[in-house]
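K.L.:
Quick one: the structure is below, and I'll ask about it shortly.
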Ligand code: HSE
């Protein structure tokens with residue numbers, strides 16, 4: 356059979372890894388795909404010293420790759436939104452199948468891109484966009500297709516997990532660890548995407564769509580970063596038997612879909628609490644299968660290339676398949692997406708860790724617990740640290756409650772004369 360010709364746009368960390376894996380494992384890959392896969396052309400603004408492109412056509416014009424009549428599959432690895440969107444839409448318009456690792460692109464423009472792909476009868480594959488080398492898209496979209504998914508929760512940003520792990524285990528400084536993550540090629544071009552949870556929200560938006568069969572709705576995701584987490588919170592969490600992880604959580608409820616990324620207290624014995632460094636992990640709870648866990652490297656050149664190349668192989672296998680028999684982009688048939696709303700954060704339900712600074716005098720604790728009681732908030736545990744200071748830290752762990760009730764309770768606690776400053780709130784998931 357004729358070889359399949361691939362054009363790679365972008366030769367950075369993931370582009371370089373993809374080129375090298377395709378070359379190194381060419382025989383093994385073609386035995387799986389059933390056809391030889393050739394890198395026909397590379398489009399990159401600059402060379403990558405870790406990649407030997409000798410013998411491959413290289414252009415500085417990535418759009419030349421998207422329009423090259425020889426090419427069957429365009430692999431978009433340039434990142435970003437606008438140029439990537441134009442590139443992918445140009446490739447689709449020219450009848451190319453597309454493989455991308457660009458979660459921002461899919462989370463923000465995926466609905467438009469899939470519609471264009473549907474019209475041109477081409478595939479757009481994006482496994483590498485979520486959790487690096489872990490085949491989580493394939494697992495949910497195909498492996499769990501018998502299930503009604505109840506919820507999923509994951510550590511889906513390697514940089515953030517790397518930072519939290521190094522801070523906890525080695526007491527390292529936030530900025531110092533972030534610099535290392537950038538040097539290792541884990542961090543986004545704008546690292547605030549990693550630490551403020553935007554990258555994780557892009558990935559969660561995609562997972563939520565394929566799990567619940569809803570259109571991609573990144574703008575409705577609630578996003579909170581890890582930059583406000585202090586070592587005190589890490590220590591108090593430990594005293595209570597929890598670890599702090601930056602989680603993406605999406606849950607089906609009767610009134611809609613929860614879609615949120617935030618620092619989270621997770622019981623120390625939970626599998627997710629023990630996922631460290633740059634590793635990612637996602638737990639998916641399905642009604643038939645129960646809980647399943649997917650774990651692996653969430654970033655880096657070759658782990659991400661592993662997912663890109665698997666997508667290329669998948670596309671090669673579907674080249675001859677009838678379009679109606681292909682796996683739908685968002686797991687559910689395009690006409691079968693549900694209009695279940697994504698809930699505003701105030702309507703999400705969670706347990707909470709609260710830390711406040713209260714004056715050491717009679718009645719203070721009673722006033723705080725009365726406020727919680729009035730909002731129907733059950734207390735799970737309280738720690739009050741006796742110090743010689745007039746203000747003492749009080750840590751409260753609550754049971755589950757609607758976020759709006761917790762907002763009202765926090766406002767009332769902060770208004771107490773005996774409480775100084777704001778109340779620190781971290782959500783808790785028992786998983
Ligand atoms: N910046 C991302 C991360 C890269 O740290 O997880 C992989 O998507």
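Numbering (this note's numbering), first residue to last: 356 to 786.
Every residue gets a Cβ at the ideal spot worked out from N, C-alpha and C, and that includes glycine.
Remember, it's a predicted structure, so these values are computed and weren't measured experimentally.
1) Taking 7 Å as the cut-off, is the C-beta of residue 530 nearer than that to any heavy atom in the ligand HSE?
2) Which value, in whole angstroms, describes the spacing of the CA atoms of residue 642 and residue 607?
3) Using the C-alpha atoms, what's the distance from residue 465 back to residue 445?
4) For residue 619, is the classification buried or exposed, using 16 other Cβ atoms within 10 angstroms of its Cβ as the cut-off for buried?
5) Nearest to residue 430 by CA position, among 730, 759, 666, 385, is which residue?
6) Tell me the DSSP secondary structure of residue 600 in three-state form.
7) Would you report the Cα separation of residue 496 and residue 685, rounded to the nearest angstrom?
8) So, for residue 700: in the same chain, excluding its five sequence neighbours on each side, which residues have a beta-carbon less than 7 Å away from its beta-carbon?
9) Where do the ends of the alpha helix (DSSP H) carrying residue 636 lie?
10) Measuring CB to CB, does residue 376 end up less than 8 Å from residue 660?
11) Please confirm whether residue 417 and residue 433 have their CB atoms less than 8 Å apart.
12) Apart from the five residues on each side of it in sequence, which residues of its chain come closer than 6 Å, Cβ to Cβ, to residue 517?
13) Which runs of the beta strand (DSSP E), 3 residues or longer, sit entirely within the stretch 737 to 770?
14) Take residue 664 as the anchor and find which of 367, 362, 373, 360 has the nearest alpha-carbon.
15) Can you check whether the CB of residue 481 is closer than 8 Å to the CB of residue 510?
16) Can you tell me the Cα-Cα spacing of residue 561 and residue 422, whole angstroms?
17) For residue 695 and residue 459, I'd like the C-alpha separation in whole angstroms.
18) Write down every uninterrupted run of the alpha helix (DSSP H) in the stretch 490 to 569 whose length is 4 residues or greater and which is fully enclosed by it, in chain order.
19) If you follow the alpha helix (DSSP H) that residue 465 is in, where does it begin and where does it stop?
20) Using beta-carbon positions only, say whether residue 734 and residue 594 come within less than 8 Å of one another.
21) I need the straight-line Cα distance from residue 745 to residue 586, nearest angstrom please.
22) Should the stretch 665 to 682 be regarded as contacting the stretch 543 to 555, the criterion being three or more beta carbon pairs within less than 8 Å?
23) Residue 671: buried (16+ other C-beta within 10 angstroms of its C-beta) or exposed?
24) Can you tell me where the beta strand (DSSP E) holding residue 651 begins and where it ends?
25) Could you tell me whether the stretch 766 to 782 touches the stretch 675 to 692, where touching means 3 or more Cβ pairs closer than 8 Å?
P.N.:
Taking the coordinates as given:
1) no
2) 12 Å
3) 15 Å
4) buried
5) 666
6) For residue 600, the secondary structure class from DSSP, reduced to helix, strand or coil, is strand.
7) Approximately 8 Å, taken between the alpha carbons.
8) 577, 615, 758
9) Per DSSP, residue 636 belongs to no alpha helix (DSSP H); it is in the beta strand (DSSP E), 634 to 641.
10) Yes, these two residues count as a Cβ contact at 8 Å.
11) Contact: yes.
12) 536, 632, 633, listed in sequence order.
13) At a cut-off of 3 residues, the continuous stretches assigned as beta strand (DSSP E) that sit fully inside the stretch 737 to 770 are 746 to 753.
14) Relative to residue 664, the option among 367, 362, 373, 360 whose CA is nearest is 373.
15) no
16) 28 Å
17) Between residue 695 and residue 459, the C-alpha separation is close to 22 Å.
18) 513 to 525, 529 to 538, 547 to 550, 553 to 567
19) First-last of the alpha helix (DSSP H) with residue 465: 458 to 475.
20) no
21) 22 Å
22) no
23) buried
24) 645 to 652
25) no
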